[in-house]
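J.: Let me begin by handing over the structure; questions about it come next.
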Ligand code: CIR
């Protein structure tokens with residue numbers, strides 16, 4: 062069993078009607094809720110098709126971005142960490158996630174420093190390390206606190222840097238298997254994946270770097286045929302899911318779930 066991409070569980074949260082007011086770097090249009098709900102259902106069906114149990118949480122109208130549940134928690138086999146989002150409008154989402162983590166884990170810890178900020182989208186867990194990208198949402202203090210919280214579980218944290226102008230570290234990369242990363246050219250060029258095998262997104266298809274390996278599937282946003290074919294030829298079992306509406310809010314495949322296998 063390879064821990065970094067084999068999961069028994071995932072948590073998702075239904076998009077809220079307030080999603081139309083979600084954060085975005087550039088306004089390229091209002092997301093269509095009906096279409097987003099349809100994409101969300103396809104996403105959950107893909108997760109379930111691998112045999113995993115998916116806990117679907119109710120929409121949180123007070124938090125427009127709450128469908129992007131990944132940013133609220135880091136789940137490791139030994140326990141879970143409640144994040145402290147750097148976007149002020151998203152801080153309360155983490156507290157809303159905590160009871161659901163406690164229902165599944167005996168050990169739930171949290172980032173609590175008033176000056177510490179960290180979002181799950183900046184964290185890539187591989188077979189050997191937990192990479193955390195400093196970004197506009199994740200700061201050095203958040204990374205120091207996370208390191209202190211997970212070291213006794215045997216995890217090694219490595220601080221890396223999210224490229225300027227990119228929302229999260231994982232906006233530009235994904236884990237494909239125990240040693241392989243899908244990354245944009247701009248992120249791979251930083252050298253942060255030295256020692257890993259890197260498959261680069263095709264030119265002009267950088268927006269599909271946020272993909273997930275979930276059990277036997279690589280779940281990627283639809284509409285990126287060159288990268289899809291590269292992954293298919295490399296032997297990955299690719300499933301495409303529509304993402305046009307979440308993309309308007311800078312969201313991709315990883316943001317929509319917290320994926321985990323609680324130990325014991
Ligand atoms: C935000 O700006 O926070 C949301 N509109 C998008 C969050 C995407 N989450 C992720 O990449 N993990």
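In this note's numbering, the protein residues as written are 62 to 325.
Just so it is clear, CB atoms sit at the ideal spot from N, CA and C, and this is done for glycine as well.
1. Rounded to a whole number of angstroms, what is the C-alpha to C-alpha distance between residue 253 and residue 217?
2. Just to confirm, does residue 326 get its C-beta within under 7 Å of one of the non-hydrogen atoms of ligand 1?
3. Among residues of its own chain, excluding the 5 on either side of residue 199, which ones have a beta-carbon nearer than 7 Å to its beta-carbon?
4. Tell me the DSSP secondary structure of residue 279 in three-state form.
5. Closer than 7 Å between the C-beta and any heavy atom of ligand 1: which residues qualify, listed along the chain?
6. Leaving out five residues on either side along the sequence, give the residues of the same chain with a beta carbon under 7 Å from the beta carbon of residue 67.
7. Could you check the C-alpha separation between residue 190 and residue 257 for me, to the nearest Å?
8. For residue 222, which beta-bridge partners are listed by DSSP?
9. For the segment 128 to 191, which segments carrying the beta strand (DSSP E) assignment without a break, of at least 3 residues, lie completely within its bounds, in sequence order?
10. For the alpha helix (DSSP H) that contains residue 301, what are its first and last residues?
11. For residue 70, which beta-bridge partners are listed by DSSP?
12. Compare the C-alpha of residue 196 against each of 222, 99 and 262 and name the closest.
13. Apart from the five residues on each side of it in sequence, which residues of its chain come closer than 7 Å, Cβ to Cβ, to residue 299?
14. Where does the unbroken alpha helix (DSSP H) through residue 307 begin, and where does it stop?
15. Straight-line CA distance for residue 227 to residue 248?
16. Return yes when the Cβ of residue 315 is within less than 8 Å of the Cβ of residue 108, no when it is not.
17. Can you tell me the Cα-Cα spacing of residue 125 and residue 151, whole angstroms?
18. DSSP three-state call for residue 75: helix, strand or coil?
19. So what does residue 241 bridge to, in DSSP terms?
T.: Result, derived from the coordinates:
1. If you number the chain shown from 1, residue 253 lands on position 192. If you number the chain shown from 1, residue 217 lands on position 156. Approximately 15 Å between the Cα atoms of the pair.
2. The requested residue 326 is not part of the displayed model; the chain covers only 62 to 325.
3. Taking the chain shown and counting its residues from 1, the one referred to as residue 199 is at position 138. If we look at residue 199 and ignore the five residues flanking it on each side, its Cβ neighbours are 147, 178, 179, 180, 183 and 193.
4. Numbered from 1 along the chain shown, position 218 holds the residue referred to as residue 279. Here residue 279 sits in strand by DSSP.
5. My final list is 83, 84, 85, 126, 129, 131, 132, 148, 151, 180, 181, 182, 228, 229, 231, 232, 271, 310, 311, 312, 313, 315 and 316.
6. Residue numbering aside, residue 67 sits at position 6 when the chain shown is read from its first letter. Only 276 and 322 meet the Cβ criterion.
7. Residue mapping note: residue 190 aligns to position 129 of the chain shown, counting from 1. Residue mapping note: residue 257 aligns to position 196 of the chain shown, counting from 1. Answer to the nearest angstrom: the Cα atoms are 12 Å apart.
8. To locate residue 222, count along the chain shown from 1; it is residue 161. Per DSSP, 195.
9. Those beta strand (DSSP E) runs which fall completely within the segment 128 to 191 and span 3+ residues are 134 to 137, 140 to 143, 169 to 171 and 184 to 186.
10. Taking the first residue of the chain shown as position 1, residue 301 is located at position 240. Premise fails: residue 301 lies in the beta strand (DSSP E), 298 to 302, not in any alpha helix (DSSP H).
11. As a position in the chain shown, residue 70 is number 9, starting the count at 1. According to DSSP, which records beta bridges pairwise, residue 70 is partnered with 114 and 321.
12. By one-based count along the chain shown, residue 196 stands at place 135. With distances taken between Cα atoms, residue 196 lies closest to 222.
13. In the chain shown, counting from the first residue as 1, residue 299 sits at position 238. Counting only Cβ-Cβ distances below 7 Å, and skipping sequence neighbours, we find 279, 281, 289, 292 and 293.
14. The residue you call residue 307 lines up with position 246 of the chain shown. Element bounds for residue 307: 305 to 308.
15. For the purposes of this step, residue 227 is identified with residue 166 of the chain shown, where counting begins at 1. For the purposes of this step, residue 248 is identified with residue 187 of the chain shown, where counting begins at 1. Those two C-alpha atoms are separated by around 10 Å.
16. Mapped onto the chain shown, residue 108 falls at position 47. Mapped onto the chain shown, residue 315 falls at position 254. No, the pair does not count as a contact, with Cβ atoms beyond the cut-off.
17. Here residue 125 corresponds to residue number 64 of the chain shown, with the count starting at 1. Here residue 151 corresponds to residue number 90 of the chain shown, with the count starting at 1. Rounded to whole angstroms, residue 125 to residue 151 spans 8 Å at the Cα level.
18. Taking the chain shown and counting its residues from 1, the one referred to as residue 75 is at position 14. Of the three classes helix, strand and coil, the one that applies to residue 75 here is coil, per DSSP.
19. As a position in the chain shown, residue 241 is number 180, starting the count at 1. 258, per the DSSP bridge assignment.
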